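*Asks:* These protein sequence lines are chains B and G, in that order.
For the first sequence, the residue numbers in UniProt numbering are 1 to 256.
For the second sequence, the residue numbers in UniProt numbering are 1 to 370.
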Amino acid sequence: MSDQLTIADKTFKSRLFTGTGKFNDSAVMRDAIIASESELVTVALKRVDVNNQSDDILTHLQENHINLLPNTSGVRTAKEAVFAAELAREALNTNWIKLEIHPDPKYLLPDPIETLQAAEELVKLGFIVMPYIHADPVLCKRLEDVGTQCVMPLGAPIGSNKGLKTLEFLEIIIDQSNVPVIVDAGIGSPSHAAQAMELGADAVLVNTAIAVSQHPIDMGKAFKMAVEAGRIAYNAKLAPVKKHAEASSPLTSFLN
Amino acid sequence: MSTFKETFNQYHWDETLSSILGKTEQDVWNALRAEKRSLEDFKALISPAARPYIEEMAQESRRLTKKRFGNTIQMYSPMYLSNECQNICTYCGFSLTNKIPRRTLTDAEILKEVEYIKSKGYDHILLVTGEANQTVGVEYINNALQLIRSHFANITIEVQPLDQPEYEQLIDSGLYAVLVYQETYHREEYKKHHPKGKKSNFDYRLETPDRLGKAGVHKIGLGALFGLEDWRADSFFTALHLKYLQKTYWKTKYSISFPRLRPHSGGLEPKVEMTDPDLVQLICAYRLLDEDVELSISTRESEVFRNNIVNLGITSISAESKTNPGGYAVEPESLEQFEISDERSTEEVAAMLKNQGLEVVWKDWANNWQ
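1. Identify every run of the alpha helix (DSSP H) within the segment 171-248 of chain G, keeping only runs that are complete inside it and at least 4 residues long; order them along the chain.
2. Mapping the DSSP letters down to three states, classify residue 125(G) as helix, strand or coil.
3. Identify every residue that forms a DSSP beta bridge with residue 75(G).
4. Is there contact here, the segment 58-76 of chain G with the segment 279-299 of chain G, by at least three beta-carbon pairs under 8 Å?
5. For residue 274(G), write down the residues that DSSP places opposite it in a beta bridge.
6. Do the segment 315-322 of chain G and the segment 334-345 of chain G make contact, defined as three or more Cβ pairs closer than 8 Å?
7. Which parts of the segment 198-255 of chain B are runs of the alpha helix (DSSP H), unbroken and 4 residues or longer, counting only runs that do not cross its ends?
8. So, under 8 Å CB-CB, residue 170(G) and residue 141(G) are touching, yes? Tell me the CB distance rounded to an integer number of Å.
9. Looking only at C-alpha atoms, which of 262(G), 365(G), 119(G), 177(G) sits nearest to residue 299(G)?
10. If I measure Cβ to Cβ from residue 302(G) and keep anything under 7 Å in the same chain, skipping five residues before and after, which residues do I get?
11. Using a Cβ cut-off of 7 Å, pull out every chain B residue sitting near residue 54(G), in sequence order please.
12. If you check the beta carbons only, do residue 238(G) and residue 224(G) fall under 8 Å apart?
13. Using beta carbons (cut-off 8 Å, strictly below), is residue 304(G) in contact with chain B?
14. Should residue 14(B) be labelled buried (16 or more other beta-carbon atoms within 10 Å of its own) or exposed?
15. Please list, in chain order, the residues of the segment 126-147 of chain B that have any C-beta partner in chain G closer than 7 Å.
16. Based on the DSSP secondary-structure assignment, which residues constitute the bridge partners of residue 375(G)?
17. Assign residue 15(G) to one of three DSSP states: helix, strand, or coil.
18. Using a beta-carbon distance cut-off of less than 7 Å, what residues from the segment 275-302 of chain G approach chain B?
19. Touch check for the segment 67-82 of chain G and the segment 310-317 of chain G: three-plus C-beta pairs under 8 Å?
20. Would you tell me roughly how many angstroms separate the C-alpha atoms of residue 250(G) and residue 268(G), rounded to the nearest one?
21. I'd like the list of long-range same chain contacts for residue 336(G), defined as Cβ closer than 8 Å, with 5 residues on each side in sequence excluded.
22. Of all Cβ atoms in chain B, is any one closer than 8 Å to the Cβ of residue 62(G)?
23. Enumerate, from N- to C-terminal direction, the unbroken alpha helix (DSSP H) stretches of 4 or more residues contained entirely within the segment 103-180 of chain B.
24. In the segment 163-181 of chain B, which residues sit with their C-beta less than 9 Å from some C-beta in chain G, listed in chain order?
25. Less than 8 Å between the CB atoms is what I'm expecting for residue 151(B) and residue 172(B), so what's the real figure, rounded?
26. Where does residue 9(G) sit, in a helix, a strand or coil, going by DSSP?
27. Is residue 36(B) close to chain G? Criterion is C-beta to C-beta, closer than 8 Å.
28. Determine whether the beta carbon atoms of residue 84(G) and residue 135(G) lie at a separation below 8 Å.
29. In the DSSP output, which residue or residues are listed as bridge partners for residue 286(G)?
30. Based on the DSSP secondary-structure assignment, which residues constitute the bridge partners of residue 135(G)?
31. Does any C-beta atom of chain B lie closer than 8 Å to the C-beta of residue 201(G)?
32. Keeping to the same chain, check which residues put their C-beta closer than 7 Å to that of residue 149(G); ignore five residues upstream and five downstream.
33. Using alpha carbons as the reference points, say which of 128(B), 113(B), 146(B), 170(B) lies closest to residue 135(B).
34. Does the Cβ-Cβ distance between residue 117(G) and residue 77(G) come in under 8 Å?
35. Which residues, taken in chain order from the segment 243-264 of chain G, show a beta carbon closer than 9 Å to some beta carbon of chain B?
36. Quick one: give me the first and last residue of the alpha helix (DSSP H) that residue 308(G) is part of.
Here is the structure:
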């Protein structure tokens, strides 16, 4: 059975999304992304020179199977995000946008109010909106209601590599969502990624953990395998955790 | 706008039933131990293979219910407003062709019934009518809501399916919840049991909870009438409906009821019998599937049965119900929709609950902040 992920009009064989930040070398970045087999790669609009045909990042991402996902990193309000998205659409010829609004420069935590406002407007403008947000189940439903094509709750603060600190809320989000749930931010190791996939996340986005590894290419491959393993395990259904029953007086003896 | 119909149409009755009947002991074992239970687990839990595990299911159902709802049972009272009906339903005492005296309560009569029900302590009420749009259409129901809204904290209706704007109007008049049972999810059998009247439209009924969800009602009650068709398959489709609705209308609460066919004038014999152990198994299976859904049981069930199931998953019950319009105070001797089984007084039922260590909750809503 095919187990592809569909978001809007695209299908993905790989459930690992990656990023382009923090690599020490664009060639390594390219090789790591190829090793990861990721088909959706986010790129910060602020990092690329869209007017330069030979921009270092963009020229290294011209593999056919790689879709670029511009993100609005750096914006602080809904208004700025909409402007950035429109620039990205024109420059990179895609209506896909990873919506990131983090006014706080230290932890880069997303602003839920601005994000919801921007998402609603961007959907109306015809964008495929992928919002980066806190693992807030109600916000996820509100975003779904305004028409985002997925939700991207965080596992832990971005770049922290701390893993799924928001586990309880991710479970609720996965349980409730009608759109793909992509765990974004905080995934620091392949085991974190596998755990997210075992929970039923539709995909994960990993950047720092690959880019900052001593061997990004190997790490890209390790994440690929972990995401696949987690997905297979999710589909195969985990064996139940053993619970000890408590003895109590019978409740159904009246039926006899 | 998409509705449950698209989901529902992907399933086939016979395949679903044989999938349930084919569940093994291992499937049941896995379902019992699962952290989160799927609809496949639910199938296993309602399957014949789960019958030997009914006590274990009951223990887990009780544990989950206490965790979520505490040691409480919500009490409500039905109030029948009218037995006029343009539908033919083979199993119902109010069916068009039944030669019974018809009555629709006037404002004064409604208030007389209200006075009696209030005197028993009830603050949650369920208004019931047949489907007769000339006399008990939306305007009648809207008027009844406005008439009684200051008397009750929480008002539910069980009336004919309506359109979304009509529900919106009723919500403005104080409506909290709507019960709309599909009766059976077997399309062809449904047609046989509802040959005439607006109710013969299976899809319109099936899509009613979608209209309710869009209208923004606080709670939607689902169920099947057990006896018309195989209870296992009907319960699976009810659970499928529940899961679809929870995901789609996430601001709404849900309840499930378990009506079994009862004798009535012009009575229909159940095609498929549902025994007491069947019903216990089903109640527990719903709780194991969903910790939050409210599970309600009426006075259709016997005293002994009700005394026992209030401890293993049920969250709300009625008592001393009259299923005839005016049955409490206006015309107590008139013909009922069906015979109730537990005939104890409200006080007796409340005392039974207290004796079992359960707090009786009369009021759990305030309808004056909307």
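From the three backbone atoms N, C-alpha and C, an ideal C-beta is built for every residue, glycine too.
Everything numeric in this text was worked out from a predicted model, so none of it was measured.
*Replies:* Concretely, from the data shown:
1. 187-193, 202-206, 208-215, 231-248
2. strand
3. 317(G)
4. yes
5. Answer is none; residue 274(G) lacks a bridge partner.
6. yes
7. Every unbroken stretch of the alpha helix (DSSP H) spanning 4 or more residues and falling wholly within the segment 198-255 of chain B is given here in chain order: 208-211, 216-236.
8. Yes, they are in contact, since the Cβ atoms of residue 170(G) and residue 141(G) sit about 6 Å apart, within 8 Å.
9. 262(G)
10. In its chain, beyond the 5 residues on either side, 341, 342 have a beta carbon closer than 7 Å to the beta carbon of residue 302(G).
11. 252
12. yes
13. For residue 304(G), the answer is yes, since a Cβ of chain B falls inside 8 Å of its Cβ.
14. buried
15. For the segment 126-147 of chain B, the set of positions with a beta-carbon nearer than 7 Å to some beta-carbon of chain G reads 141 in chain order.
16. This structure gives no information on residue 375(G), because the portion of chain G shown stretches from 1 to 370.
17. helix
18. 276, 277, 280
19. Yes: at least three Cβ pairs fall under 8 Å.
20. So the two alpha carbons sit approximately 38 Å from each other.
21. 93, 264, 322, 323, 324, 327
22. yes
23. 112-124, 137-146, 167-176
24. 171, 175, 176, 177, 178
25. That pair is no contact at about 12 Å.
26. coil
27. no
28. yes
29. Paired residue(s): none; residue 286(G) is not in a bridge.
30. Answer is none; residue 135(G) lacks a bridge partner.
31. no
32. 155, 173, 174, 367
33. 170(B)
34. Yes, they are a contact pair.
35. 246, 247, 248, 250, 251
36. 303-309
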